[in-house]
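Using this note's numbering, you'd call the opening residue of the sequence shown number 1 and step up by one each time.
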Amino acid sequence: MPTPPTPGPPPTAEQVSESVRTLLAEVLQRPPTEVDMTQRLTALPGMDSLHLVQTVVTCEKQWSIQLDEEELFDVRTGDDLCALIRRTANAQEGTL
1 MPTPPTPGPP PTAEQVSESV RTLLAEVLQR PPTEVDMTQR LTALPGMDSL
51 HLVQTVVTCE KQWSIQLDEE ELFDVRTGDD LCALIRRTAN AQEGTL
């Protein structure tokens with residue numbers, strides 16, 4: 001029976017930030033330089049609830065994590081989302 005792949009180390013803050021910024025830029029069809037990670041996600045030009053869900057699902061798939069729905073309600077900015085991804089990845093590192 002094959003051995004399941006061993007997960008790598010949790011992503012660094014820089015990796016998460018760069019990836020989330022790029023993802024938001026793709027979803028919003030804007031250059032990454034126009035995505036302000038400190039701005040409220042709902043205030044980003046072109047952002048709507050469907051784009052938010054798409055962003056969360058893509059992040060979960062990318063890092064093989066499950067973000068807590070209650071904690072997602074506290075996410076306001078791109079930086080908040082990055083912090084939640086890092087916390088979740090670090091917490092789930094031993095259980096992946």
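We put the CB at the ideal spot given by N, CA and C, even for glycine.
Just so we're clear, the structure is a prediction, and the values are computed from it rather than from any experiment.
With DSSP collapsed to three states, give me the class of residue i.
i: Thr77; result: strand
i: Arg40; result: strand
i: Thr33; result: helix
i: Ser64; result: coil
i: Val27; result: helix
i: Glu93; result: coil
Figure out for me which residue from the options has the closest Cα to the Cα of residue i.
i: Thr42; options: Glu14, Thr55, Pro32, Ser64; result: Thr55
Once you ignore the five residues that flank residue i on each side, which residues in its own chain have a CB closer than 7 Å to its CB?
i: Asn90; result: Pro10
i: Met47; result: Leu28, Leu41
State the Cα-Cα distance for the pair residue i and residue j, rounded to the nearest angstrom.
i: Val16; j: Ile85; result: 8 Å
i: Arg30; j: Gln92; result: 32 Å
Short of 6 Å in beta carbon distance, which residues of its chain neighbour residue i, apart from the five on each side in sequence? Order them along the chain.
i: Glu71; result: Leu84
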